[in-house]
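First residue of the sequence shown: 56, per our numbering; consecutive thereafter. Ideal Cβ placement from N, Cα and C applies to all residues, glycine included. These notes are about the structure you will find just below.
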Amino acid sequence: MTIIRAMGWLAAIAATAAAWATWRRPADPFAGLVVVRDATYGEADGRPLRLDLILPPGPADAPRPLVVAVHGGSWTGGSRRDYGPQFADLARDGLAVAVVDYRLARPGAPSWPGAVEDVRQAVDWLIDRADRHRIDPRRVALLGTSSGGLLAARAAQEDRRIAAVVCLSTPFDLAELAASRRLGHEPAELFLGADPTDASDLAADASPITHVTPGGPPTLMIHGDDDAWVPLDQARKMLERLETAGVPARLVVIPGARHGFELRVGPPEPRDLAPVVREFLGAAWAGGGQPEFEGLAP
């Protein structure tokens, strides 16, 4: 390859990346919205736990539904600041969105079950201030991506105030996940403080698939069929378990999507999942729980 051809190739890649970044996220995703930043909702290990609350513009004529969003990062990383911008469109559509941080695992300091307790504490904090922020405590949902999806699912299973849960790229069975990946350094082991394939009771306690019961929260799962980090089979088996228990559930499979996509899914087929999430939550809050989705593979 000549230098000129190489430069042209690199320029094409840069142009594509720039166009893709622009499509995914505007320069100021929160323009026109009300954002309450760095609200301290609790404390863990001597450190404050914080959230950002994204609210629709203008005064609220009626209390707003609330989505509590839980970031991913293999239980060891990630932050609300990186995760939050993708939810601006949900706020523009009239939802309040709280994006929460929680305690992270590190060697010698597992974060199970503390991380789930942190998520539930954030819900407590928000519901206690529902009047101040014009939040409807009867319409609360949890949403999480990857490891955050597991925390959202487990918190929703333990809290009857949660009316629905949305899980993107989410593991539901930790023992099976660890066995299928066979990593030298398995993040789920740091999360639990033990090898999930050996500590079966501990892994089962943390795995949403073992806590499905009739009357559980309606569940929307969105998963890519090219996810090499969390196999699609995790979501398929969770769907089967939910349906057997009579829990309203839906699995949306995104062709070509890899692990950890946002609500605006990128190439090869860019699409916006926010309308899918809004439709599902609207049905769940109304008591329907399982709307039809047009244009997306089941």
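Here L145 is not near A283, since their CB atoms are 8 Å or more apart. Here E244 has A233, D250 and P251 as same chain residues with Cβ atoms under 8 Å from its own Cβ, once five neighbours each way along the sequence are excluded.
Beta-carbon to beta-carbon, A124 and P84 are separated by about 14 Å, too far to satisfy the 8 Å threshold. The continuous beta strand (DSSP E) containing A153 extends over residues A151 to V155. Secondary structure note for V122: its beta strand (DSSP E) is the uninterrupted segment R119 to V125. For G97, same chain residues with a beta-carbon under 8 Å away, outside a window of 5 residues either side, are P103, L104, D173, Q176, A177 and W180 in chain order. DSSP places P330 inside the alpha helix (DSSP H), whose first and last residues are A329 to A341. In the same chain as A211, and ignoring 5 residues on each side of it, the C-beta atoms closer than 7 Å to its own belong to L197, I217, V220 and P272, in chain order. The DSSP-derived three-state label of H266 is helix. A170 and G311 have their C-alpha atoms spaced approximately 31 Å apart. As computed with DSSP, E98 is found in a beta bridge with P103. R187 and G204 have their C-alpha atoms spaced approximately 28 Å apart. Closest in alpha carbon position to Y157, among G301, R326 and T95, is T95. If only uninterrupted beta strand (DSSP E) runs of at least 3 residues are considered, those enclosed by the stretch 171-256 are 190-200 and 219-223.
Pairwise C-beta distances place the stretch 297-309 in contact with the stretch 260-274, as three or more of them are shorter than 8 Å.
Scanning its chain for C-beta atoms nearer than 6 Å, with the 5 sequence neighbours on each side dropped, one finds around L121 the residues A151, I190 and V195, in chain order. Note on geometry: alpha-carbon atoms of G279 and P322 lie some 12 Å from one another. With a 10 Å radius around the Cβ and a threshold of 16 neighbouring Cβ atoms, R296 comes out buried. In this model, S201 and D214 are separated by some 20 Å (Cα to Cα). A residue is called buried when at least 16 other Cβ atoms come within 10 angstroms of its Cβ; P242 meets this threshold and is buried. For R147, the uninterrupted alpha helix (DSSP H) segment begins and ends at A143 to R147. T274 is bridged by DSSP to V220 and A304.
With 16 or more other Cβ atoms from the protein chains shown falling within 10 Å of its own Cβ, D228 counts as buried. With respect to the 8 Å criterion, Q141 and L318 are classified as neighbours on the basis of their beta carbons. Sequence-distant partners of A99 (beyond 5 residues in either direction) whose C-beta falls short of 7 Å from its own C-beta, in its chain, are R158, G169 and D173.
Secondary structure of G139 (DSSP, three-state): helix. Look at L287 here: in three-state DSSP terms it is helix.
Under DSSP, R319 forms a beta bridge with D327. The three-state reading of DSSP puts L297 in helix, counting H, G and I together.
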